[in-house]
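Notes to accompany the following structure.
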Amino acid sequence: MNRVLILVNITGLIIGISYGLHGPILPVFAKNIIGATYSELGLIGLTNFIPYMFIPLFVGILLDRFNNGYLLALGAAINSASIYLLSIAQSVPEIMGFRIMTGVAHAFFWPPCESIISNESTEKSRVRNISWFTMFFVIGFMVGPLLGTAFLEGLDITYRILFQIAAFILAAAIITSLLASKKSIRNHHDRFSFSSIKEIKKFPEVIILLIFCTSSFGIILTIYPAFLNDNGMTATDILLLYFVFGIARVASLAMAGKFARKTSQTLIAATIAVSIGLGISVIADSIITFGIALVLMGFGFSIFFPLTLEIILSKTRKGISGKIIGAYETVFGMGWAIGPTIGGPITQSFGNETPYLVFGIIGVGITLLAIVSRKKLEPQKIVY
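Be aware that the sequence shown starts at 2, since it is given in my numbering, and climbs by one per residue.
Below, the structure written as structure tokens:
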């Protein structure tokens, strides 16, 4: 692995630690300290993800014109500031405003990293390298809750101080991003346009699977921690559950290269795992059963990412890869926005378990679609 890939992986690890440190606690903080309802938690999640429906398109255009490392450093700086500001939030609208910043910043994190990795990889190594990067991020996201547990229980600090610590940790990613920028590739293969939208529309089956996966994932990131809290899980229990969630994600990403040999079958298995995990959440009543649900969903959510991206990149010319990555991440943003938007009001109106039941049922239909479309869910060419 070359120096640039190592630096990008380190950047992903740092940002993952910061996200894992504060992410699972934010809904609990908003509900218990600020007094947010479930509908407001959904709105907080929506404001976080709405920028990701649009900003990646513009970032994708920039990726093919500017140094990707500089764009990555910009994202890290905005992200660090947005997390620090959570420590002074006193109302739901303030949290929403700061989460908009986080959403914008995230659009300057994931697409630049994917672009750098794609530029530094061959077709043979691309799935592996993207999976490794994602795995480093997830390892960070897994370690973060453990650090959060140590800080909250061992040092007896407040949620607000925890956000400040997470912000300072994330700021370190600015340095690794700038170091990676020294060798980051600049492309000038295509004119300034939104051609990526037309390109991404060629993959309707992939888009539908992605929207289901990311919608479900959005609920798990924004509403599920509060749902766990209402079901008797303490802040420490929640952080430990998300640590287990991280282990499942790391394990699946470590095997991504092997799973890629049977891409369509793996994606079918992933939709089944997510659907079952959502279903278990409806009836779960202990940390063990919630842990089983999160393990299943951790596998499904994580393996979706490298395999679906490879399907699209393998059928796209390299000259517009940055724009395609931006469009691909925009689909992620759509799903992440849809999940909390639907999940919050459903929870508020029909009960805590309802969104997981609804999305579990939808998952059964998505699984059937994946089975019918399995020939279209294979990369054009994979060499091992």
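Each residue gets a CB set at the ideal place from its N, CA and C atoms; glycine is no exception.
Per-residue burial, residue i [other beta carbons within 10 Å of its own, 16 or more giving buried]
i: VAL251; result: buried
i: ILE284; result: exposed
i: GLY149; result: buried
i: ASP286; result: exposed
i: LEU378; result: buried
i: VAL332; result: buried
i: LYS324; result: buried
i: ARG127; result: buried
Under 8 Å between C-beta atoms of residue i and residue j
i: SER387; j: ILE176; result: Here the chain has residues from 2 to 385 only, and residue 387 is not among them.
i: GLU121; j: ASN3; result: yes
i: ASP231; j: ASN353; result: yes
i: ILE45; j: MET97; result: yes
i: GLY327; j: LEU58; result: yes
i: ILE220; j: LEU42; result: no
i: ILE170; j: ILE343; result: no
i: SER132; j: GLY258; result: yes
i: ALA181; j: THR12; result: yes
i: ILE372; j: PHE213; result: no
i: ALA227; j: VAL365; result: no
i: TYR53; j: HIS107; result: yes
i: LEU64; j: PRO112; result: yes
i: SER276; j: GLY361; result: yes
i: GLY274; j: GLY301; result: Checking the displayed sequence, the identity of residue 274 turns out to be Ala instead of Gly. Closer than 8 Å, so yes.
8 Å contact criterion, which residue i and residue j should meet: CB distance rounded
i: THR272; j: LEU222; result: Rounded, the Cβ-Cβ distance is 18 Å, inconsistent with contact.
i: SER88; j: PHE164; result: 4 Å
i: SER19; j: ALA167; result: 5 Å
i: ALA31; j: VAL105; result: Actually they do not touch by this definition, with Cβ atoms about 20 Å apart.
i: PRO146; j: LEU241; result: 7 Å
i: THR386; j: LEU310; result: Because the chain is modelled from 2 through 385, residue 386 falls outside the range shown and cannot be assessed.
i: ILE281; j: ILE293; result: 6 Å
i: LEU369; j: GLU206; result: With 8 Å as the limit, LEU369 and GLU206 do not qualify as a contact, their Cβ atoms being about 12 Å apart.
i: ILE363; j: PRO356; result: ILE363 to PRO356, Cβ: 10 Å. No contact.
Below-8 Å beta-carbon distance, residue i vs any chain C residue
i: GLU41; result: The structure shown has no chain C; it contains just one protein chain.
Review point. Can you list, in chain order, the stretches of the alpha helix (DSSP H) that have 4 or more residues and sit fully within the segment 233-312?
Key: Secondary structure remark: continuous alpha helix (DSSP H) runs of at least 4 residues inside the segment 233-312, in chain order: 236-255, 257-260, 264-284.
Exercise for review: Counting only runs of 4+ residues fully inside the segment 202-234, write out the alpha helix (DSSP H) ranges in chain order.
Suggested key: As far as the segment 202-234 is concerned, its whole alpha helix (DSSP H) runs of at least 4 residues are 205-223, 225-231.
**Study point:** Every unbroken beta strand (DSSP E) within the segment 42-115, with a cutoff of 3 residues, ordered by chain
**Key:** You should have found no qualifying run.
Review point. Unbroken beta strand (DSSP E) runs of length 3 or more, entirely within the segment 113-183: which are they?
Key: Entirely contained in the segment 113-183, not one beta strand (DSSP E) run reaches 3 residues.
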